[in-house]
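See below for the structure under consideration.
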Amino acid sequence: RHGLPEALVPFVCGFTGRGRVAQGAQAIYDLFPVVKIPAEELHDFLAGRKFSNGTLYKVVLNKPQLYRPRTGQALIQEFNWYEFQTYPERYEGQLEQYLPYLTMLINGIYWEPRFPRLVTREGIRRLFQQQSRPRLRVIGDITCDIEGSIEITLKATNMTNPVYVYNPFTGQIQDGWEGEGVVVMAVDKLPTELPREASEAFGKALLPFVPDLAAADFSAPLEALQLPPEFRRALIVHRGRLTPEFEYLRQHLP
598 RHGLPEALVP FVCGFTGRGR VAQGAQAIYD LFPVVKIPAE ELHDFLAGRK
648 FSNGTLYKVV LNKPQLYRPR TGQALIQEFN WYEFQTYPER YEGQLEQYLP
698 YLTMLINGIY WEPRFPRLVT REGIRRLFQQ QSRPRLRVIG DITCDIEGSI
748 EITLKATNMT NPVYVYNPFT GQIQDGWEGE GVVVMAVDKL PTELPREASE
798 AFGKALLPFV PDLAAADFSA PLEALQLPPE FRRALIVHRG RLTPEFEYLR
848 QHLP
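Residues 598 to 851 in my numbering are what the sequence shown spells out, letter by letter.
Spelled out as structure tokens, the structure:
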């Protein structure tokens with residue numbers, strides 16, 4: 598109703614990833630008045646000062662903005678998805694060049710240890726050395742790999758204690774949101790905190806089968822077991838034995 602406080606204007610949130618996690622985070626963010634800005638225009642956007650306290654701003658950072666070929670190592674001197682997947686050691690992270698322009702970063706990208714990190718301890722320390730009070734206030738690490746794509750994700754948090762502050766100069770963390778540094782949210786089971794829609798959809802799909810499941814006599818032999826076809830096909834073990842459709846699992850048993 599009254600807009601954001603001046604200290605948070607413009608409020609710019611960066612999102613990494615293209616999957617369901619990133620899309621879901623953006624769907625919630627987009628409930629507010631939002632203007633999308635290309636990553637390459639962030640510098641000019643802030644320099645132009647044509648922003649509003651009644652608008653939030655969004656930057657979507659995909660792999661070409663997150664990674665770049667290492668000098669002299671990559672075969673192609675621009676991001677190439679196939680080469681990156683096959684030879685990730687030929688690439689380095691470049692997200693940190695956008696950190697001075699972001700108020701918040703929501704990390705929802707798939708990451709493996711063989712990939713370059715997106716945010717490093719050194720990058721955060723350098724940011725705070727260059728700016729006494731950087732724009733970056735919060736990192737929401739939904740990916741939540743400990744010391745992974747966001748290196749300052751030092752522990753998983755939970756809904757009763759969801760955030761801590763990472764001090765870029767000491768490397769120490771302090772629970773809560775007060776203190777010098779970046780607030781990190783790293784709730785590893787965050788998707789299960791919003792189960793209402795999933796529970797409703799699953800319940801509606803399951804409800805028609807409940808009478809037949811309740812009436813089934815599971816002591817009967819498999820060939821006489823009266824189950825809906827959908828559950829019959831999904832039955833892995835009956836009376837202590839693998840069903841014929843899942844007999845192949847026996848080779849994996851100790």
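For glycine and all other residues, C-beta sits at the position ideal for the given N, C-alpha and C.
query: Reference G651, options E603, Y698, F681 and T683, closest by Cα; result: E603
query: Reduced DSSP secondary structure (H/G/I, E/B, other) of Q694; result: helix
query: Residue closest to D646, alpha-carbon to alpha-carbon, out of E719, E686 and Y698; result: The sequence given here places Arg at residue 646; Asp does not occur at that position. The residue with the shortest Cα to Cα distance from R646 is Y698.
query: Integer Cβ distance of V762 from I736, believed to fall under 8 Å; result: Actually they are not in contact, since the Cβ atoms of V762 and I736 sit about 11 Å apart, beyond 8 Å.
query: For R847 and Q823, the rounded distance between their alpha carbons; result: 25 Å
query: Per-residue burial, R838 [other beta carbons within 10 Å of its own, 16 or more giving buried]; result: exposed
query: Contact check, W708 vs T740, beta carbons under 8 Å; result: yes
query: Range covered by the beta strand (DSSP E) that runs through L822; result: Careful: L822 lies outside any beta strand (DSSP E) and carries neither H nor E.
query: Exposed unless 16 or more other CB atoms sit within 10 angstroms - verdict on F681; result: buried
query: S746, buried or exposed, once every other Cβ within 10 Å from all chains shown has been counted against 16; result: buried
query: Sequence ranges, alpha helix (DSSP H) only - wholly within the stretch 624-648, length at least 4; result: 639-645
query: Between the CA atoms of P759 and P731 - distance to the nearest angstrom; result: 22 Å
query: Through-space distance from T683 to L601, alpha-carbon basis; result: 44 Å
query: Alpha-carbon spacing of E842 relative to G611, whole angstroms; result: 47 Å
query: Euclidean distance between Cα positions of G768 and R718; result: 8 Å
query: Segment contact flag, the stretch 652-669 with the stretch 619-637, C-beta cutoff 8 Å, min 3 pairs; result: yes
query: Residue range of the unbroken alpha helix (DSSP H) whose run includes I736; result: Per DSSP, I736 belongs to no alpha helix (DSSP H); it is in the beta strand (DSSP E), V735 to D738.
query: Unbroken stretches of the alpha helix (DSSP H), 4 residues or longer, contained in the stretch 783-843; result: 793-803, 807-812 and 826-831
query: CB-CB length for L751 against L702, believed under 8 Å; result: Not confirmed; about 16 Å, so no contact.
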